[in-house]
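Trainee: According to my numbering, the sequence shown is numbered sequentially starting from 588.
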Amino acid sequence: MVGRIIIREEKGRGRIQVEYLAGLSLMTGVLYLPPGLSQRRAGRRLARLERQLRGVGVGRVVVPEGFSGLTRLRPVDTLPFYRAVADVLVLEGLRLDGVVPKQGAVTLHGPWLCPELRRAAQRLCPLVHTLRIQVPGEGEDYARWLHQQYGLPVSPPEGPADVTASFGPGERGQGRVLCLYGQPELGGLRLAAQGRALPQAWDQQLLALLWEQGAVRREELYAPGAQAQG
Numbered sequence: 588m589v590g591r592i593i594i595r596e597e598k599g600r601g602r603i604q605v606e607y608l609a610g611l612s613l614m615t616g617v618l619y620l621p622p623g624l625s626q627r628r629a630g631r632r633l634a635r636l637e638r639q640l641r642g643v644g645v646g647r648v649v650v651p652e653g654f655s656g657l658t659r660l661r662p663v664d665t666l667p668f669y670r671a672v673a674d675v676l677v678l679e680g681l682r683l684d685g686v687v688p689k690q691g692a693v694t695l696h697g698p699w700l701c702p703e704l705r706r707a708a709q710r711l712c713p714l715v716h717t718l719r720i721q722v723p724g725e726g727e728d729y730a731r732w733l734h735q736q737y738g739l740p741v742s743p744p745e746g747p748a749d750v751t752a753s754f755g756p757g758e759r760g761q762g763r764v765l766c767l768y769g770q771p772e773l774g775g776l777r778l779a780a781q782g783r784a785l786p787q788a789w790d791q792q793l794l795a796l797l798w799e800q801g802a803v804r805r806e807e808l809y810a811p812g813a814q815a816q817g
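Structure below.
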């Protein structure tokens, strides 16, 4: 079962109850942290709420962005979701920067040819002007395979890019950079789903859950706005 933690900066008694949000059933707990509450007491309240949630079968929770301190529960991880929809992130990055995909240059970088990088490359290859694969020892062979499959010219791994999607550590890419490893950084992008209004404090984690359950399709995803790059 998945839960949700709500933080309220007021006095109150912690409680848990099932709530339905965006089509998801979430065991929701309220953590009351009134002004002036010591860090020690806040930690005890969080630990008590975690025990309550675990007691009813919760293993993962959606938490407000930037929240930390969980010791018994795991926050819902957005990274697998972002890696699975890397092509959407790249195309939305191009769109928001005013670059037509058929005129755009994209670099996919990674320390190895992971499945997510391969799937992103296969989806992007027919859609963009230039696709560069930067993978030590494997990138050029894979680029040639893409050429055989899609008939597009093989681009050298080095060169300018409007968007770079990195699936692992390495040199910082060019253009809008999407870091899809570790603690993901989306270059100012946030994803949304058409027809779904999600509370911003939890929207990315809720989207990840909806994707995990097959309730959101790739075609529904978009980036409604972005921070300027450069």
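Each residue gets a CB set at the ideal place from its N, CA and C atoms; glycine is no exception. Fair warning: this is a prediction, and the values are worked out from it, not measured in the lab.
Would you kindly work out how many angstroms separate the C-alpha atoms of leucine 553 and proline 688, rounded to a whole number?
Mentor: Here the chain covers residues 588 to 817 and nothing more, so residue 553 does not appear.
Trainee: According to the neighbour-count rule (16 or more other Cβ atoms, all chains shown, within 10 Å of its Cβ), is glutamate 703 buried or exposed?
Mentor: What you label residue 703 is simply residue 116 of the sequence shown in a count that begins at 1. That one is buried.
Trainee: Leaving aside the five residues before and after leucine 711 along the sequence, list all residues of the same chain whose C-beta is less than 7 Å from its C-beta, in chain order.
Mentor: For the purposes of this step, residue 711 is identified with residue 124 of the sequence shown, where counting begins at 1. Contacts found: Asp674, Val677, Val693, Leu718.
Trainee: Could you compute how far the alpha carbon of phenylalanine 654 sits from the alpha carbon of glutamine 735?
Mentor: As a position in the sequence shown, residue 654 is number 67, starting the count at 1. As a position in the sequence shown, residue 735 is number 148, starting the count at 1. For phenylalanine 654 and glutamine 735, the distance between alpha carbons rounds to 47 Å.
Trainee: Using CA coordinates, which residue listed in Tyr619, Gly590, Ala671 is at the minimum distance from glycine 644?
Mentor: Stepping through the sequence shown from its first residue, residue 644 is reached at position 57. Here the closest residue by C-alpha is Gly590.
Trainee: Within the chosen definition, does the segment 652 to 671 reach the segment 623 to 642 through at least 3 CB pairs nearer than 8 Å?
Mentor: yes
Trainee: Return the CA-CA distance between proline 667 and glycine 757, expressed in angstroms with no decimal places.
Mentor: For the purposes of this step, residue 667 is taken as the residue at position 80 of the sequence shown. For the purposes of this step, residue 757 is taken as the residue at position 170 of the sequence shown. So the alpha carbons of these two residues sit roughly 19 Å apart.
Trainee: What's the C-alpha gap between arginine 600 and tyrosine 619?
Mentor: Against the sequence shown, residue 600 aligns to sequence position 13. Against the sequence shown, residue 619 aligns to sequence position 32. Arginine 600 and tyrosine 619: Cα-Cα distance of roughly 7 Å.
Trainee: Can you tell me the Cα-Cα spacing of alanine 788 and valine 648, whole angstroms?
Mentor: Within the sequence shown, the letter at position 201 stands for residue 788. Within the sequence shown, the letter at position 61 stands for residue 648. When rounded, the distance between both Cα atoms is 13 Å.
Trainee: Would you give the residue range spanned by the beta strand (DSSP E) that valine 605 belongs to?
Mentor: As a position in the sequence shown, residue 605 is number 18, starting the count at 1. Where valine 605 is concerned, the enclosing beta strand (DSSP E) starts and stops at 603 to 608.
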